[in-house]
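Okay, so here's the structure we're looking at.
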Amino acid sequence: MNCLCNSADICALLFSSGLRQTALIADNFTYRKFTQHSTGGDKLALQALIFDVDGTLADTERDGHRVAFNLAFREFGLNWDWNVELYGKLLAVTGGKERIRFFVEYFLKDYDMPADFDAMVAEMHKTKTRHYTEMLSGGLIPVRPGVKRLLEEARQSGLRLAIATTTTPDNVTALLKYSLAEDAADWFEVIAAGDIVPAKKPAPDIYFWAMEKMNLGPADCLAFEDSENGLKSSLGAGLKTLITINDYTADHDFEGALAVLSDLGEPGNACQVFSGDMRGRSYVDIPLLRQWHE
Numbered sequence: 003m004n005c006l007c008n009s010a011d012i013c014a015l016l017f018s019s020g021l022r023q024t025a026l027i028a029d030n031f032t033y034r035k036f037t038q039h040s041t042g043g044d045k046l047a048l049q050a051l052i053f054d055v056d057g058t059l060a061d062t063e064r065d066g067h068r069v070a071f072n073l074a075f076r077e078f079g080l081n082w083d084w085n086v087e088l089y090g091k092l093l094a095v096t097g098g099k100e101r102i103r104f105f106v107e108y109f110l111k112d113y114d115m116p117a118d119f120d121a122m123v124a125e126m127h128k129t130k131t132r133h134y135t136e137m138l139s140g141g142l143i144p145v146r147p148g149v150k151r152l153l154e155e156a157r158q159s160g161l162r163l164a165i166a167t168t169t170t171p172d173n174v175t176a177l178l179k180y181s182l183a184e185d186a187a188d189w190f191e192v193i194a195a196g197d198i199v200p201a202k203k204p205a206p207d208i209y210f211w212a213m214e215k216m217n218l219g220p221a222d223c224l225a226f227e228d229s230e231n232g233l234k235s236s237l238g239a240g241l242k243t244l245i246t247i248n249d250y251t252a253d254h255d256f257e258g259a260l261a262v263l264s265d266l267g268e269p270g271n272a273c274q275v276f277s278g279d280m281r282g283r284s285y286v287d288i289p290l291l292r293q294w295h296e
């Protein structure tokens, strides 16, 4: 299957088709209260770290989700194949079910869509999640450099932890269990995942939801992302954000990020710095995060 579209083309299609995800500020979301969490002029101390999952905690996309999608397609008797290049372009669409629908609508013009297509997509996505979980349980997807160390440092420092992601809760808990620790899901006070908000990233809804559950505002937190859509989401929620890139996001626009790094780094294994001030450090630790938060 030949694909002539690039990521910019896909973004344009999303806009023109009305599929672009935007923040829907519903009455039952008290988002406005987060615009000014503090009283007076006092500077707030860092209280919480909020992490994206796919591409941020672990490099899950190319050799994880993509492979699982293809296995699901085969199980449904379909000859669809998302190669590395095509999948990179499809990542402009956030959400697995949304990605399948977009692929069919814009890349398979002659596909005879069944009447129960939405139900088929939902079942296909469940099948994909099963394959992905099996890959995780086999230890095929490790966390990225510095992730486990920083999470442990944060817990020891009394910082609260949360997750804000477009992937499903099952995907999140499986990754935490098999790639971090058996009880890793308990490390996070809030796991904001999947379809719990009206609009997915780049809308800020998922971050607002997580902060509401923690009774915190953006001035209390730092966010960790890996993509342009993720950064738009976190910045839209008012959060200072650290970016760790991956192969799919290296050429994204990260204007407004605190820093753009190859990864979080480890003692003796420095991260590569593309932008930002590391304050003389070679890896990200809690003291550096507190300085960035000031």
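Start counting at 1 in the sequence shown, then tack on 2, and there's your number in the numbering used here. We put the beta carbon where it would ideally sit given N, CA and C, even for glycine.
What does DSSP give as the partner residue(s) for residue i in the beta ladder?
i      : result
Asp188 : The partner list for Asp188 (beta bridge, DSSP) is empty, contrary to what the question assumes.
Phe75  : According to DSSP, Phe75 bridges with nothing at all.
Ile193 : Ile165
Ile245 : Glu227, Val262
Ile52  : Ala164, Ala225
Glu87  : For Glu87, which the question treats as bridged, DSSP gives no partner whatsoever.
Glu268 : Asn271
I'd like the span of the alpha helix (DSSP H) that includes residue i, first residue to last.
i      : result
Ala176 : 171-177
Phe132 : Correcting the residue identity first, residue 132 is Arg in this sequence and not Phe. First-last of the alpha helix (DSSP H) with Arg132: 119-139.
Ala156 : 149-158
Ala212 : 207-216
Leu291 : 288-295
Run through DSSP, which three-state label would residue i get?
i      : result
Leu260 : coil
Asp279 : coil
Val199 : coil
Thr96  : coil
Ala239 : coil
Ala60  : strand
Val145 : strand
Ser18  : With a pLDDT of 42 at Ser18, under the threshold of 50, the modelled position of that residue is not reliable, and the figure given next carries that caveat. Three-state DSSP puts Ser18 in a helix.
His254 : coil
Asp114 : coil
Ala70  : helix
Leu80  : coil
Leu233 : helix
Leu182 : helix
Pro204 : coil
Thr32  : Per-residue confidence for Thr32 stands at a pLDDT of 42, beneath the threshold of 50, marking its modelled position as unreliable; the derived number appears in the next sentence. Coil, per DSSP.
Gln38  : With a pLDDT of 40 at Gln38, under the threshold of 50, the predicted position of this residue should be treated as unreliable, and no value is reported.
### Message
Quick check: the segment 280-295 against the segment 148-165, are at least 3 beta-carbon pairs closer than 8 angstroms?
### Response
Two segments are said to touch when three or more pairs of C-beta atoms, one from each, lie closer than 8 angstroms; by this definition the segment 148-165 touches the segment 280-295.
#### Entry: Three CB pairs or more closer than 8 angstroms across the segment 73-81 and the segment 156-167
When C-beta atoms of the segment 73-81 are compared with those of the segment 156-167, fewer than three pairs fall below 8 angstroms, so the two segments do not count as touching.
#### Entry: Touching by the beta-carbon criterion (3+ pairs, under 8 angstroms), the segment 169-180 and the segment 192-199
They touch, by the three-pair rule.
### Task
Determine contact between the segment 212-220 and the segment 89-97, defined as no fewer than three beta-carbon pairs at a distance below 8 angstroms.
Proximity of the segment 212-220 to the segment 89-97 falls short of the contact definition, fewer than three beta-carbon pairs being nearer than 8 angstroms.
### Cβ contact check for the segment 109-120 and the segment 230-249: 3 or more pairs under 8 angstroms
Contact between the segment 109-120 and the segment 230-249 is absent, with fewer than three C-beta pairs closer than 8 angstroms.
### Task
State whether the segment 47-54 contacts the segment 218-227, with contact taken as three or more CB pairs (one from each stretch) at a distance under 8 angstroms.
Contact between the segment 47-54 and the segment 218-227 is present: 3 or more CB-CB pairs across the two stretches fall below 8 angstroms.
#### Entry: the segment 136-149 contacting the segment 263-271, beta-carbon criterion three pairs below 8 angstroms
The answer is yes - the segment 263-271 touches the segment 136-149, with three or more Cβ pairs under 8 angstroms.
### Query
Are the segment 55-63 and the segment 242-252 touching by the rule of at least three beta carbon pairs closer than 8 angstroms?
Judged by Cβ distances under 8 angstroms, the segment 55-63 makes contact with the segment 242-252, as three or more pairs qualify.
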